[in-house]
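>
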Amino acid sequence: MKKNKKRRQRPRTIAILYHDLTKEDEKEYPDREHIVVDADTQETVFFVRKLLLRHGFRVQIIRLTGASLSNLKKIRADYVFNLVDSRKLEVRIARILDRLTIPHSGSSVDAIQTSNNKLHSKKILQKQQLPVPKFSVIRLSDRLRRGLLPSTFPIIVKPAFEHCSIGITSRSVVRTYEQFKRVVMILRKKYRQTLLAEEFIPGEELQVTVYENGGKTTALPPAQITWTGKARNTWNIYGFDEKWDKGSAIWNSCQFIAPPKNVPPHLVTQMKKESIRAFYAMQFRDYARFDLRYNPKGCQWYFLEGNANAGISPGAGDAMTASVRAAGMTLDDFVLQIVRNSIH
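FYI, the numbering for the sequence shown is 14 to 357, going by this note's numbering.
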């Protein structure tokens, strides 16, 4: 009598979504900053594809533009890995994914919209009694006056509805009322949106990655911005140039290390614990990143914002990569855990 052969399970198929810009798409963008940010996913796509193939998955690569979103409804896969980080497309894509029956990586459309609204994010964090710097809201209709200042100087001014450090440079930090007025006028003219004026916290800039791990939510060791060359940001912030001006002196000099050098262990523990609280408060899913500032003089730290579906980069100096390694993991482990949250 022949023994029944165990049927071999077919490999799971994972569709990787990413956005790309056509020349026609670029014409609709208001400035070069947004084009640079929205065209920067190919390295991550290549990394995730290679990783998944190495671990026995079948992989589909789906390139999306503004004109091709209807293709999402035709996906035939066991899982969707959403690498779309386009301000123009990510909400629309997340809305479609939430309606499909296929499991997908990352947060819901509601959480992404919250993440993209710095004002709403801060109010959620405040409601949970989590530490945030003093801030004020400057609407386009507001007449500039000293009453709009949130605190004593220095103050940082930034667009309220941008992501990826768009609109944030060393010039965003001001020391006087005249500088404040000038920066507000420049940002109003360029971005045509509500602005956030925030108490600037001198000291260290940190990022905390939080991820779900088999029913448990874990915060990785915070990553701290540091400088390896002569070029450095005057205010020690992770602005647009540090993040996106690839090949420049400031970009080459800017690196993240983990764990942080100058933060006492009990505060690191506190940051991680409170970042998990913030993860739940903002209703994130799978993984997210929180940006923090730490003032060593008063041993005080503050949340700046939370980022749903934060960028995954294999670069050694990337904050998430540094944190993953400090936790004794590889980026492969991290990405595979995101997938295993939904398929086993």
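Even for Gly, the Cβ is constructed at its ideal location relative to N, Cα and C.
Taking the DSSP output, what are the residues bridged to Val186?
Ile169
> Between which two residues does the beta strand (DSSP E) holding Lys229 run?
Per DSSP, Lys229 is one residue of the beta strand (DSSP E) stretching across 229-232.
> Could you name the residues of the same chain whose beta carbon sits closer than 7 Å to that of Pro144, not counting the 5 residues immediately before and after it, in chain order?
Trp314, Tyr315, Phe316
> Contact defined as beta carbons within less than 8 Å: I believe Ala232 pairs with Phe148. What is the distance between those atoms, to the nearest angstrom?
Contact between Ala232 and Phe148 does not hold, since their C-beta atoms are separated by about 24 Å, which reaches or exceeds 8 Å.
> Threshold first: 4 residues or longer. Then list the alpha helix (DSSP H) segments lying entirely within the segment 90-156, N to C.
103-112, 122-128, 131-140
> So, for Thr54: in the same chain, excluding its five sequence neighbours on each side, which residues have a beta-carbon less than 7 Å away from its beta-carbon?
Tyr31, His32, Leu96, Asp98
> Taking the alpha-carbon of Pro273 as reference, which of Gly242, Val223, Leu219, Asp299 has the nearest alpha-carbon?
Leu219
> What are the partner residues of Cys267, as DSSP defines its beta bridges?
Trp240
> Does the Cβ of Cys312 have 16 or more other Cβ atoms within 10 Å, making it buried, or fewer, making it exposed?
exposed
> Can you say whether Asn275 is buried or exposed, counting buried as having 16 or more other CB atoms within 10 angstroms of its CB?
That one is exposed.
> In the DSSP output, what is Leu209 paired with across the bridge?
Val150, Lys171.
> Here's a check: name, in chain order, each residue in its chain whose Cβ is nearer than 6 Å to the Cβ of Ile75, leaving out the five neighbours to either side.
Ala28, Leu30, listed in sequence order.
> Ignore the nearest five residues each way along the sequence and tell me which others in Arg302's own chain have a CB closer than 6 Å to its CB.
Gln220, Thr222, Asn320, Ala323
> Under 6 Å: does the beta carbon of Ala323 sit that close to some heavy atom of the ligand ATP?
Because no ligand of any kind appears in the structure shown, any question about the ligand ATP cannot be addressed here.
> Among Arg201, Ser288, Gln192, Ile270, which residue has its Cα nearest to the Cα of Glu225?
Ser288
> Could you tell me which residues DSSP pairs with Thr222 in its beta bridges?
Answer by DSSP bridge pairing, in chain order: Arg302.
> Have a look at Arg184 and Val196 and give me their C-alpha separation to the nearest angstrom.
Taking the straight line joining both Cα atoms gives about 8 Å.
> Thr343 by DSSP, collapsed to three states: which one?
Coil, per DSSP.
> Taking the alpha carbon of Leu162 as the point to measure from, which residue in Pro172, Glu212, Arg71 has its own alpha carbon closest?
Glu212
> For Met198, count neighbouring Cβ atoms within 10 angstroms of its own Cβ and tell me buried if that reaches 16, exposed if not.
exposed
> Which class does Gln296 belong to by DSSP, given the choice of helix, strand or coil?
coil
> From this set, Thr57, Val58, Glu56, Glu37, which residue's C-alpha is nearest Ile48's C-alpha?
Residue Glu37 is the option with its Cα nearest to Ile48.
> How far does the alpha helix (DSSP H) with Glu46 in it reach, from first residue to last?
45-51
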